[in-house]
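Chains as they are written, first to last, in this note's numbering: chain X, 153 to 281; chain Y, 153 to 281; chain D, 106 to 205; chain Z, 106 to 205; chain L, 3 to 132; chain V, 3 to 132.
In this text, a Cβ means the ideal position worked out from N, Cα and C, and glycines have one as well.
Note that the coordinates shown come from a computational prediction; the quantities given were computed from them, not determined experimentally.
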């Protein structure tokens, strides 16, 4: 095993991470977040989007201690340290689930679906989780 | 490993197998069928129900050779040999998917949702797949 | 009567809808894992839940609500239970049907 | 433009709906695995597909149709391709977004 | 009352294993009997002795194993589903000339008949799927 | 053109691994380059050398391994996701004092950086999820 955080000598790419799964029911959200932090450590232009049930990942007050899981939502705080500031939540996803921005644990920008359509087109790669 | 097909000395139970997943995308349908045959070999009163995308398991003309999978749909023919004759397909599931009984590879009885409700209540155990 | 368990988000799959369609009047339904999102009180799905409330006994698993940070956002009439309550429900009802 | 892949049944999840909502006009969508059921010509979902046909280029993976026995039941306007065609589509379009 | 559980989800990936484990603890605490836990489909991975989660996180196979020892539980992995997915005991590794085996203590490989028998014997059979 | 693939589904359980494998074969056939296949989430099980499917069925780990040998492919299993789920090479088994290792030939354990690097280096990154 070799974990290299050495940055390959290529220009930074625009990488968008598309998060669509609810937390705890699947470990994919947690694994997505690890990938996002790694991409940022590699100096890439990272964009993070929460769509559909993915918006539940950002709900405040998560506490999985009784089901003996780790509270991975605390790791979202690391995004700022890693300089990831391009964080979007799709508006209708949030609305359908009765959530508002002040119930989210990090500052995220609302994005309309047609804006997300454009954002996807601008990327070099889109990583779906 | 010991595979016992010896029948435990208890009265036969009414076991209903509820199949809701499409074939090939998941291996669960195939594993459900193995369980059904085993239950029948154990002399239980087996009922087999296909609901939702589960009805796709019975579609004729399946041929997964190009994706290098086994055509497990051929195993449905074994149901008759095993004496499993209580096989139901939920009507609205079939209808929503544009399928008719003559497109199914074994003779199955149509069942209305309210009849299925009753059928579930009559069982000793319901095994969901 | 049957205790139905539902573990998928109603926003993502038809799992709960299938269950509601097949569950007899008077049967019990417990929402677990991602199924607990169906208990939220202000969502697109809430009206469907409110319509189903008179027909079934609804329960929701508290540890799964807490994990997801939504224990304060659920429909009042849905009773939150812990694992011990879940087990008790299983014993009080005749059998359990899982929807996943 | 983007090539979107969808691998879930439209009867079971909102995967394809999410894709259709986000895919730009003129983008391409390939149905694979259980996603191929969306190509069926006589289903509850068919009208939605017909409505989306003018907006996107739809493809469906032939080996996955054949596995499921539905190669003769699909909407005419949806082009069936094999894996080689899938690869070619990936090269012709700028990037690939997976919906699962 | 006699319970049996069927677990179809992979540990560490979906919540089915966790839910089944918590449920098992709760029913034992109430004094009920747990006749068997049957692991099928991706649930077979619950029995991997090689699972190495970070030290501050739950180890699901070990948790099952400890619970089994305390309460003399029958933790059965479907042999056909397990073999396919690379879950082997020493006997199967030998039979198929595989270089290693990876079954956690307390788990056994056995046939699908054990699922059916559990459904026949138990008052309640609960499925934890994914 | 340079491709990389990300595989997140367990073999023998969902179709993601099969689709990725067929896609890999087709792109190589067309003369494209496959920079890396990265296995993450339940995809890590693709690398199990203990998988023992019936003889008349496909063996997914072996198929990957053979394809890797023919085309000198880089098959990378995320080390964190793999350790958690019990996918170990000899080094990791040693480090964590585990009784066995189970990595199929041709696979290597490495960090998540390899996923990011693949996304940076490749013209097309295709995700096969479940």
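Practice task
Within 10 angstroms of the Cβ of residue 101/V, are there 16 or more other Cβ atoms? Answer buried if so, exposed if not.
Solution key: Taking the first residue of the sixth chain as position 1, residue 101/V is located at position 99. Its Cβ having fewer than 16 others within 10 Å, residue 101/V is exposed.
Practice task
Could you round the C-beta distance between residue 212/X and residue 255/X to whole angstroms and report it? I think they count as a contact, below 8 Å.
Solution key: Your numbering for residue 212/X matches position 60 in the first chain. Your numbering for residue 255/X matches position 103 in the first chain. Rounded, the Cβ-Cβ distance is 6 Å, consistent with contact.
Exercise for the section: Could you check how far apart the C-beta atoms of residue 190/Y and residue 114/L are, in whole angstroms? I think they sit under 8 Å. Expected result: Numbered from its first residue, the second chain carries residue 190/Y at position 38. Numbered from its first residue, the fifth chain carries residue 114/L at position 112. With a Cβ gap of about 5 Å, residue 190/Y and residue 114/L count as contacting.
Problem - Classification of residue 235/X by the beta-carbon crowding that lies within 10 angstroms, buried from 16 upward - result: In the first chain, residue 235/X corresponds to position 83, counting from 1. Its Cβ having fewer than 16 others within 10 Å, residue 235/X is exposed.
Practice task
Return the bridge partner residues of residue 240/Y from the DSSP annotation.
Solution key: Here residue 240/Y refers to the residue found at position 88 of the second chain. Answer is 201/Y, 261/Y.
Problem - Where residue 153/Y sits in the DSSP three-state scheme - result: Stepping through the second chain from its first residue, residue 153/Y is reached at position 1. Interpretation of residue 153/Y is limited by its pLDDT of 44, a score under 50 that renders its predicted location unreliable; the figure taken from the coordinates is listed afterwards. Secondary structure of residue 153/Y (DSSP, three-state): coil.
Handout entry: Limits of the unbroken beta strand (DSSP E) element including residue 164/Z
Key = The count along the fourth chain starts at 1 and reaches residue 164/Z at position 59. It spans 162-166 - the beta strand (DSSP E) in which residue 164/Z sits, taken as one unbroken run.
Handout entry: Proximity test, Cβ basis, 8 Å: residue 266/Y and chain L
Key = In the second chain, the residue the question calls residue 266/Y occupies position 114. Chain L contact via Cβ: absent.
Problem - Spatial neighbours of residue 156/X in its chain, beta-carbon cut-off 6 Å, leaving aside the 5 residues before and after - result: What you label residue 156/X is simply residue 4 of the first chain in a count that begins at 1. Residue placement at residue 156/X cannot be trusted, given a pLDDT of 49 that sits under 50; the coordinates are not used to answer.
Problem - Extent of the continuous alpha helix (DSSP H) run through residue 191/D - result: Locating residue 191/D in the third chain gives position 86, counting from the first residue. Following the DSSP letters along the chain, one finds residue 191/D inside the alpha helix (DSSP H) bounded by residues 188-197.
Practice task
Return the chain-ordered ranges of every alpha helix (DSSP H) run that is complete within the region 58-110 of chain L and spans a minimum of 4 residues.
Solution key: As far as the region 58-110 of chain L is concerned, its whole alpha helix (DSSP H) runs of at least 4 residues are 62-73, 81-87, 92-97.
Handout entry: Proximal residues to residue 110/L (C-beta, below 8 Å), its chain only, five neighbours per side dropped
Key = For this step, residue 110/L is matched to residue 108 along the fifth chain. Cβ neighbours of residue 110/L beyond the five flanking positions: 76, 77, 78, 79, 91.
Handout entry: Proximal chain Y residues relative to residue 60/V, where beta-carbon distance stays under 8 Å
Key = Counting from one through the sixth chain, the residue named residue 60/V turns up at place 58. Taking the beta carbon of residue 60/V as reference, the chain Y residues within 8 Å of it are 220, 221, listed in sequence order.
Exercise for the section: Kindly indicate if chain V contains any beta-carbon less than 8 Å away from that of residue 280/Y. Expected result: As a working mapping, residue 280/Y is identified with position 128 in the second chain. For residue 280/Y, the nearest beta carbon of chain V is not closer than 8 Å to its own beta carbon.
Problem - Under 8 Å between C-beta atoms of residue 42/L and residue 13/L - result: Indexing the fifth chain from 1 puts residue 42/L at position 40. Indexing the fifth chain from 1 puts residue 13/L at position 11. With respect to residue 13/L, residue 42/L sits apart: the two C-beta atoms are not nearer than 8 Å.
Practice task
May I have the straight-line CA-CA distance separating residue 185/X from residue 227/X, to the nearest angstrom?
Solution key: Translated into the one-based positions of the first chain, residue 185/X becomes position 33. Translated into the one-based positions of the first chain, residue 227/X becomes position 75. Approximately 8 Å, taken between the alpha carbons.
Practice task
Confirm, please, whether the CB-CB distance from residue 201/Z to residue 121/Z is below 8 Å.
Solution key: Against the fourth chain, residue 121/Z aligns to sequence position 16. Against the fourth chain, residue 201/Z aligns to sequence position 96. Contact flag unset, no.
Handout entry: Span of the alpha helix (DSSP H), counted from its first residue to its last, around residue 122/V
Key = In the sixth chain, counting from the first residue as 1, residue 122/V sits at position 120. If you look at residue 122/V, you'll find it in the alpha helix (DSSP H) that goes 115-123.
Practice task
Step through the CB atoms of chain Y and report whether any lies within less than 8 Å of the CB of residue 68/V.
Solution key: Looking up residue 68/V in the sixth chain gives position 66. For residue 68/V, no CB of chain Y lies under 8 Å from its own CB, so it is not counted at the interface with that chain.
Exercise for the section: Go ahead and label residue 65/V buried or exposed: buried means 16 or more other beta carbons lie within 10 angstroms of its beta carbon, across all protein chains shown. Expected result: For the purposes of this step, residue 65/V is taken as residue 63 along the sixth chain, with counting starting at 1. Flag for residue 65/V reads buried.
Practice task
Please list the residues of the region 32-64 of chain V that have a C-beta atom closer than 7 Å to any C-beta atom in chain A, keeping them in chain order.
Solution key: This model lacks chain A altogether, as its protein chains are X, Y, D, Z, L and V.
Problem - Stretch-stretch touch, CB-based, cutoff 8 Å, three pairs: the region 248-264 of chain Y with the region 203-210 of chain Y - result: With the cut-off at 8 Å, the region 248-264 of chain Y and the region 203-210 of chain Y touch.
Practice task
Determine which residues of the region 92-105 of chain L have a Cβ less than 7 Å from any Cβ of chain D, and write them out in chain order.
Solution key: Residues of the region 92-105 of chain L that bring their beta carbon within less than 7 Å of a beta carbon in chain D are absent altogether.
Handout entry: Neighbour list for residue 142/D in chain X, Cβ cutoff strictly below 8 Å
Key = For the purposes of this step, residue 142/D is taken as the residue at position 37 of the third chain. Simply 174, 205, 208, 249.
Handout entry: Residue-chain proximity (residue 178/X, chain L), Cβ-Cβ < 8 Å
Key = Taking the first residue of the first chain as position 1, residue 178/X is located at position 26. Taking Cβ atoms only, chain L reaches closer than 8 Å to residue 178/X, which makes this a yes.
Practice task
Note the first and the last residue of the continuous alpha helix (DSSP H) segment covering residue 277/Y.
Solution key: Stepping through the second chain from its first residue, residue 277/Y is reached at position 125. Counting along the chain, residue 277/Y falls outside any alpha helix (DSSP H), though it belongs to the beta strand (DSSP E) covering 277-280.
Practice task
Report yes if the C-beta distance between residue 37/L and residue 120/L is below 8 Å; otherwise report no.
Solution key: Your numbering for residue 37/L matches position 35 in the fifth chain. Your numbering for residue 120/L matches position 118 in the fifth chain. Yes, these two residues count as a Cβ contact at 8 Å.
Handout entry: Proximal residues, the region 149-169 of chain D versus chain Z, C-beta separation under 9 Å
Key = Listed by position along the chain: nothing, the set is empty.
Exercise for the section: Check whether the region 119-137 of chain Z touches the region 191-205 of chain Z, counting contact only when three or more Cβ pairs, one atom from each stretch, lie closer than 8 Å. Expected result: With the cut-off at 8 Å, the region 119-137 of chain Z and the region 191-205 of chain Z touch.
Exercise for the section: Sort 217/Y, 200/Y, 247/Y by Cα distance to residue 231/Y and report the nearest one. Expected result: Along the second chain, one-based indexing puts residue 231/Y at 79. Restricting attention to 217/Y, 200/Y, 247/Y, the CA atom closest to the CA of residue 231/Y is found in 200/Y.
Problem - Beta-carbon neighbours of residue 172/Z, restricted to chain Y and to distances below 9 Å - result: Indexing the fourth chain from 1 puts residue 172/Z at position 67. By Cβ distance, chain Y contributes 175, 176, 214, 215, 216, 217, 218, 219, 221, 223.
Exercise for the section: Name the two residues that bound the continuous beta strand (DSSP E) containing residue 182/Y. Expected result: On the second chain, residue 182/Y is found 30 positions in, with the first residue counted as 1. Note, residue 182/Y: premise wrong, no beta strand (DSSP E); alpha helix (DSSP H) at 180-193.
Exercise for the section: Could you tell me if residue 96/V is buried or exposed, where buried requires 16 or more neighbouring beta carbons within 10 angstroms of its beta carbon? Expected result: Looking up residue 96/V in the sixth chain gives position 94. With a threshold of 16 other beta carbon atoms within 10 Å, residue 96/V falls short and is exposed.
Problem - Proximity to residue 176/X [Cα-Cα], best of 166/X, 168/X, 216/X, 163/X - result: Against the first chain, residue 176/X aligns to sequence position 24. With distances taken between Cα atoms, residue 176/X lies closest to 216/X.
Problem - Candidates 118/V, 26/V, 131/V, 67/V, of which the one nearest residue 276/X by Cα - result: Taking the first chain and counting its residues from 1, one reaches residue 276/X at position 124. Looking from the CA of residue 276/X, the closest CA among 118/V, 26/V, 131/V, 67/V belongs to 118/V.
Exercise for the section: Please state if the CB of residue 21/V and the CB of residue 137/Z are separated by a distance shorter than 8 Å. Expected result: The sequence position of residue 137/Z within the fourth chain is 32, counting from 1. The sequence position of residue 21/V within the sixth chain is 19, counting from 1. Taking 8 Å as the Cβ cut-off, residue 137/Z and residue 21/V qualify as a contacting pair.
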